[in-house]
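Colleague: Supplied in structure tokens, the structure appears directly below.
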Amino acid sequence: MRGLPATLPTLPLELTVLYNSLLFTMGAPDTAMEGEEGIRQGLLRVLEACGACGQDLSTEELWQKVLQEVTVAELQAPLHRLGALQAAWWLSAGRLGSTTGLLRLLSNAEDLGKAHWSKGENELLSLLKAWRVPAEEDSLPLVQSTRDLKEILCTSAAFLQGLQEFEAGNFPTALSLLREAAGGFCSKKVLAQIYTCLGCCTQRMGKPQTALQHLKRALQVDFQCLPALFHAAAVYHELGDTDAELQALALLYEALEKTPPGAASSSPYFLIRTELLVHTPVLASLLRHHHPSEVKYLLAQRCLQDGRVADAVEHYLDFLALLQEGLQQQVPLDGSSALPRIPEVFLEAASALEQAGRYQDAITVCEEVISRTTGLIPRVLKVEERLEQPECPSPQAGLAGGLLAQKKESLCCLAWRAAGYLHEGWVWGKLGESKEAVTQFSRCLRELLRVQLYGPGVEPTENLLPEVEVLQKIRLLALIGRGVQFLELGRHKEGLLDFQYGLQVSPGDPAAASYLVQALWNLDRKQEAAAQWQKLSQRPPKEDGQQEGERRPVPLYLVSCLKQAVFPHKDDLARTIQDYLGSTNQDPSR
0 MRGLPATLPT LPLELTVLYN SLLFTMGAPD TAMEGEEGIR QGLLRVLEAC
50 GACGQDLSTE ELWQKVLQEV TVAELQAPLH RLGALQAAWW LSAGRLGSTT
100 GLLRLLSNAE DLGKAHWSKG ENELLSLLKA WRVPAEEDSL PLVQSTRDLK
150 EILCTSAAFL QGLQEFEAGN FPTALSLLRE AAGGFCSKKV LAQIYTCLGC
200 CTQRMGKPQT ALQHLKRALQ VDFQCLPALF HAAAVYHELG DTDAELQALA
250 LLYEALEKTP PGAASSSPYF LIRTELLVHT PVLASLLRHH HPSEVKYLLA
300 QRCLQDGRVA DAVEHYLDFL ALLQEGLQQQ VPLDGSSALP RIPEVFLEAA
350 SALEQAGRYQ DAITVCEEVI SRTTGLIPRV LKVEERLEQP ECPSPQAGLA
400 GGLLAQKKES LCCLAWRAAG YLHEGWVWGK LGESKEAVTQ FSRCLRELLR
450 VQLYGPGVEP TENLLPEVEV LQKIRLLALI GRGVQFLELG RHKEGLLDFQ
500 YGLQVSPGDP AAASYLVQAL WNLDRKQEAA AQWQKLSQRP PKEDGQQEGE
550 RRPVPLYLVS CLKQAVFPHK DDLARTIQDY LGSTNQDPSR
């Protein structure tokens, strides 16, 4: 009807045609601006028919002028329909303030008087519920009724605001709004998403059992809502129920491997639906699709952490096979992914193979890591122990940040390469090849000599960069490992030196201190051994291998090395030292 003068008798039909056409526009991609302009033109036609003008007004001002000045009864229903569409557009864009203002205009004084929302209640939802939608005319068919659209707006407004409160950390408010959305009008797919968000919200509130109920409800509503299964595994992990966690991850992997069936649809189907209006980053994060490779890695990792070595080996080998097939290119390797860096996965696999007694396979995997990192590390790497990013951004700061990132990457590569030699050393030791084990431990220590640390006079174990702290732990484990093999070869003096160096790296380390006592005893330096043992006994008990001042957990690929470094004969050595001390007290000449 463009080009024709606007007249009051034809405006109801014109606005109804516009409403129906915009409903189709709403469901099409990249048409928000087109729909916004369509509503604006409709409002201008109304003002034109009433002899007014509003070309220079914003859309919000245009709505205010139309709803306050146009009182023609025949136009009320078409205008409310158009208002519902405008509210949908603004909700989709996250413009809650504009939507609330529009609803105030659409709700007359009588409706507002009946709303009676208190300060703690949600104004937008109260306005939507109090909004009296004019009766539809039978002579003007509608693609989607205003009453149905109002219900969808209520659900979408509650869902959207619940997500915003969740992102802001206001979990009780988010919980209330999400529950409101769950009782609204939406498809099964959206309802399952709402229950998933409810599960995540209650988990953050410290209510894991309630979270599981919501997540199970999500899967009952829509079994294709796989993010609910992923979050359920996380809740089981939090509860320490490893069996249930692994079962959930296995089901998730199986479901992801299969071709997904058709998506659950709403019944009846509407052009404007909640899923079109609610699409925020936090929702995308909570409902993120996980690649099968990620889930397979989580299965391997959790089995290894729980000591289920055989299962861990199976999952790690499956994961490595997926990598060889090139499927890792589909896995997001950003902060949202469950995967660590690929060399770390290889080292974890080597650790699992070593613990399963598959020593040659473990060596093969370590050699893969070592060969892939050749040439990635400079001959000398100078690193400040507490190097930090400058607070004020500047060109020089950007350059310094780039250099820091490059150094950190080199440190990571060095840690992986050294850890490969470290694992090989322990494997050859288990095979009884002490000389070859010494060679591999020495290669590990030689790699670590590339790093030159400098700093403002700080202790070497205080406030280290995470990458440097890992390197220090690898150095300690390599020194203990080589020292143990020296003892096996009867080279006690060389073993003693390694344990002393280990205590310089990590003062007070129980494993290094215990082996030091053993080496002194083997060298017949019994008084020194007894004195060192007494110092060790006076220290407060702590986990073997834990470094003084250490606050970060060691990488998973180093855990098996930590366990092997624990001194195995502590009770026997203690009895021997105590017998010696008892005899010297009786005979001071000894």
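0 is the number of the first residue of the sequence shown in numbering that gives the first Met the number 0; add one for each residue after it.
All C-beta atoms in this analysis are idealised placements derived from N, C-alpha and C, irrespective of residue type, glycine included.
Predicted model only: the values in this text are computed from it and were never measured.
1) Span of the beta strand (DSSP E) holding LEU380?
2) Taking the runs of the beta strand (DSSP E) that are 3 residues or longer, which of them lie wholly in the stretch 432-516?
3) With a cut-off of 8 Å on the beta carbons, I'd call ILE473 and ALA417 a contact; round off their distance for me.
4) Under the rule that 16 or more other beta-carbon atoms within 10 Å means buried, what is GLU73, buried or exposed?
5) State the DSSP-derived secondary structure class of ASP305, mapped to helix, strand or coil.
6) Got a sec? Which residues, its chain only, sit under 8 Å from VAL65 by beta carbon, not counting five neighbours each side?
7) On the three-pair Cβ rule with 8 Å, is the stretch 245-255 touching the stretch 164-180?
8) Please work out which residues of its chain come closer than 7 Å, Cβ to Cβ, to GLU412, disregarding the five sequence neighbours upstream and downstream, and give them in chain order.
9) Could you tell me the distance, in whole angstroms, from the CA atom of LYS406 to the CA atom of VAL382?
10) Taking three-plus beta-carbon pairs below 8 Å as touching, is the stretch 149-156 in contact with the stretch 280-295?
11) Does DSSP classify GLY93 as helix, strand or coil?
12) Beta-carbon separation of TYR514 and VAL565 under 8 Å?
13) Who are the near neighbours of LEU522 in its chain, counting only those whose CB is closer than 8 Å to its CB and skipping five residues on each side?
14) Report the residue from ASP497, ASP305, LEU338, ALA232 whose alpha carbon sits nearest the alpha carbon of TYR590.
15) Leaving aside the five residues before and after GLY501 along the sequence, list all residues of the same chain whose C-beta is less than 6 Å from its C-beta, in chain order.
16) Going by DSSP in three states, VAL426 sits in which element: helix, strand or coil?
17) Are ALA48 and LEU3 closer than 8 Å when you measure CB to CB?
18) Reducing DSSP to helix, strand and coil, say where PRO171 ends up.
19) Pull up the distance between the alpha-carbon of ALA528 and that of ALA518, whole angstroms please.
20) Buried or exposed for ALA309, please, with buried defined as at least 16 other CB atoms from any protein chain shown within 10 angstroms of its CB.
21) For TYR315, does the count of other Cβ atoms within 10 angstroms reach 16, so buried, or fall short, so exposed?
22) Can you look up VAL277 in the DSSP assignment and give me helix, strand or coil?
23) Could you say which of HIS230, GLN63, LYS562 lies nearest to THR209 if we only look at CA atoms?
24) Take the Cβ of ASP578 as the centre, count every other Cβ of all protein chains shown within 10 Å, and call the residue buried at 16 or more, exposed below.
25) Out of ALA129, TRP427, LEU464, THR241, point me to the one whose CA is closest to ALA299's CA.
26) Please determine, among GLN354, GLN75, GLY183, ALA232, the residue with the shortest C-alpha to C-alpha distance to LEU7.
27) Whose C-beta lies closer than 6 Å to the C-beta of GLN181 among residues of the same chain, with five residues either side of it excluded?
28) Please state the DSSP three-state secondary structure of GLN223.
29) For LYS429, I'd like the list of residues in its chain whose CB is within less than 7 Å of its CB, leaving aside the five on either flank, ordered along the chain.
30) State the start and end residues of the unbroken alpha helix (DSSP H) segment that holds TRP532.
31) Check whether the Cβ atoms of LEU555 and LEU322 lie closer than 8 Å to each other.
Modeller: Put simply:
1) 380-383
2) 450-453
3) 5 Å
4) exposed
5) coil
6) LEU42, VAL45, LEU46, GLY53, LEU78
7) no
8) Before going on, a small fix: residue 412 reads as Cys here, not Glu. Hits under 7 Å: THR372, LEU375, ILE376.
9) 7 Å
10) no
11) coil
12) no
13) HIS491, LYS492, LEU495
14) Past the edges of the chain, shown from 0 to 589, lies residue 590, and the structure says nothing about it.
15) LEU475, LEU478, ILE479, ALA511
16) helix
17) no
18) Reduced to three states, the DSSP call for PRO171 is helix.
19) Whole-angstrom Cα-Cα distance: 8 Å.
20) exposed
21) When all chains shown are included, TYR315 counts as buried.
22) coil
23) Ranking the options by Cα distance to THR209, first place goes to HIS230.
24) So ASP578 ends up on the exposed side.
25) For the residues ALA129, TRP427, LEU464, THR241, the minimum Cα distance to ALA299 belongs to THR241.
26) GLN75
27) Here residue 181 is Ala; the residue named in the question, Gln, does not match the sequence. Taken in chain order, the residues that qualify are ILE193.
28) coil
29) TYR358
30) 525-537
31) no
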